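Below is one structure, written out as structure tokens, with a few remarks after it.
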Amino acid sequence: MNPRVIVNCAMSADGKIAGCDRRQTRISTPEDMERVKALRRSVDAIMVGVGTVLADDPHLTVKGRGLDENPVRVVIDSRGRTPDSAQVLDGRARTLIFHGEGCDRQWKDAESFVCGPDRVDLRRMLDILAEKGIATLMVEGGGELIASLFDEDLVDEYNVFVGPMIIGGRSSPTPADGEGREGKDAIRLRFAGMEVLGEGVLLRYLRI
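The sequence shown begins at 2 in the numbering used here and counts up one residue at a time.
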């Protein structure tokens with residue numbers, strides 16, 4: 002059975018996850034940050050796309066946990082752009098990098114997998130994670146990866162925290178970017194609950 006895919010993100014009240022410079026913006030309230038920490042502690046793996054690695058350089062670990070206790074870190078990097086200096090390669094957790102056939106890079110502190118001729122085959126990637134014992138996968142970004150997961154009908158749960166701010170900007174990223182779709186083709190979700198967290202609200206949706 003493939004891992005349960007949980008997309009978790011925070012967006013402004015106007016639906017942006019970062020400013021027009023695409024750099025990480027603190028949107029979550031302290032209450033939501035505690036929720037995210039708890040979610041990270043509960044999953045087997047945390048995944049991001051290479052765009053998030055390049056823009057934000059996240060470590061994707063749980064404070065106070067060691068190498069064998071942290072969730073597995075997963076990076077989707079079709080062309081092999083993850084720099085050797087990235088924090089996801091700091092040895093604090095096991096790291097898996099999935100890339101296309103055109104990438105022949107190897108990373109010292111990561112296991113790499115060819116997973117598709119060009120772009121990473123996300124279904125095959127989930128198969129590989131399942132083979133490695135991953136049952137729950139938390140996705141933290143970015144918008145291109147999240148959009149691709151929705152396009153492939155691979156998202157089981159979508160948690161989005163709406164923070165008390167307006168960012169604006171035509172080029173500011175949203176939780177699900179990609180090519181987009183016409184309104185009649187919108188992906189429908191089932192509302193599963195909400196929770197007020199400080200000055201913001203968490204919305205939870207499940208796959209129909």
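Note that CB positions come from ideal geometry on N, CA and C, so glycine has one too. Computed from a predicted structure; not experimentally measured.
Check: Asn160 to Lys109, Cα distance in whole Å?
Finding: Position 159 of the sequence shown, counted from the start, is the residue given in the question as residue 160. Position 108 of the sequence shown, counted from the start, is the residue given in the question as residue 109. Spanning the two alpha carbons is a distance of roughly 33 angstroms.
Check: Name the DSSP bridge partner or partners of Gln107?
Finding: Locating residue 107 in the sequence shown gives position 106, where the first residue counts as 1. In the DSSP assignment, Gln107 forms no beta bridge with any residue.
Note to self: So, for Val156: in the same chain, excluding its five sequence neighbours on each side, which residues have a beta-carbon less than 7 angstroms away from its beta-carbon?
What the structure shows: Along the sequence shown, one-based indexing puts residue 156 at 155. Correct list, in chain order: Val6, Val8, Leu150 and Arg208.
Next item on the list: Indicate whether the contact test is met: 3 or more Cβ pairs, each with one atom in the region 12-24 and one in the region 161-181, closer than 8 angstroms.
Entry: A contact exists between the region 12-24 and the region 161-181.
Margin query: My parser needs the alpha helix (DSSP H) runs of 4 or more residues fully inside the region 42-84; what are they?
Written below: Taking only runs of at least 4 residues, the alpha helix (DSSP H) segments lying wholly in the region 42-84 are 51-57.
Next item on the list: Report the three-state DSSP secondary structure of Leu155 (helix, strand or coil).
Entry: Position 154 of the sequence shown, counting from 1, holds the residue named residue 155. Of the three classes helix, strand and coil, the one that applies to Leu155 here is coil, per DSSP.
Next item on the list: Name the two residues that bound the continuous alpha helix (DSSP H) containing Ile7.
Entry: Within the sequence shown, numbered from 1, the residue matching residue 7 stands at position 6. In the DSSP assignment, Ile7 falls outside any alpha helix (DSSP H) and within the unbroken beta strand (DSSP E) covering Arg5 to Ser13.
Item checked: Spatially closest choice to Asp91 from Val73, Arg41 and Arg124, by CA coordinates -> Counting from 1 along the sequence shown, the entry for residue 91 is found at position 90. Among Val73, Arg41 and Arg124, the Cα nearest to that of Asp91 belongs to Val73.
Next item on the list: Mind checking which residues open and close the alpha helix (DSSP H) that includes Arg124?
Entry: By 1-based counting over the sequence shown, the position of residue 124 is 123. Counting along the chain, the unbroken alpha helix (DSSP H) around Arg124 starts and ends at Leu123 to Glu132.
Note to self: Please identify the residue among Arg95, Pro84 and Glu141 whose C-alpha is closest to the C-alpha of Arg106.
What the structure shows: Position 105 of the sequence shown, counting from 1, holds the residue named residue 106. Each of Arg95, Pro84 and Glu141 was checked against the Cα of Arg106, and the nearest Cα belongs to Pro84.
Checklist line | Counted within 10 angstroms of its Cβ, other Cβ atoms place Asp186 as buried (16 or more) or exposed | finding: As a first step, residue 186 is located in the sequence shown; it is residue number 185 there, counting from the start. For Asp186, the number of other beta carbons within 10 angstroms of its own is below 16, and it is reported as exposed.
Check: Helix, strand or coil for Met166 per DSSP?
Finding: The residue you call residue 166 lines up with position 165 of the sequence shown. Shown here, Met166 sits in coil according to DSSP, grouped into three states, outside any helix or strand.
Margin query: Is the separation between the beta-carbon of Ala148 and that of Ala177 shorter than 8 angstroms?
Written below: As a first step, residue 148 must be located in the sequence shown, where it is residue number 147. As a first step, residue 177 must be located in the sequence shown, where it is residue number 176. Using a Cβ distance threshold of 8 angstroms, Ala148 and Ala177 count as a contacting pair.
Item checked: Residue from Thr62, Val63 and Ile77 with nearest C-alpha to Val49 -> As a working note, residue 49 is residue 48 in the sequence shown. It is Ile77.
Check: Given that a residue counts as buried once 16 or more other Cβ atoms are within 10 Å of its Cβ, and exposed if not, what is Glu141?
Finding: Residue 141 sits at position 140 when you count from the first residue of the sequence shown. Glu141 is buried by the Cβ-count criterion.
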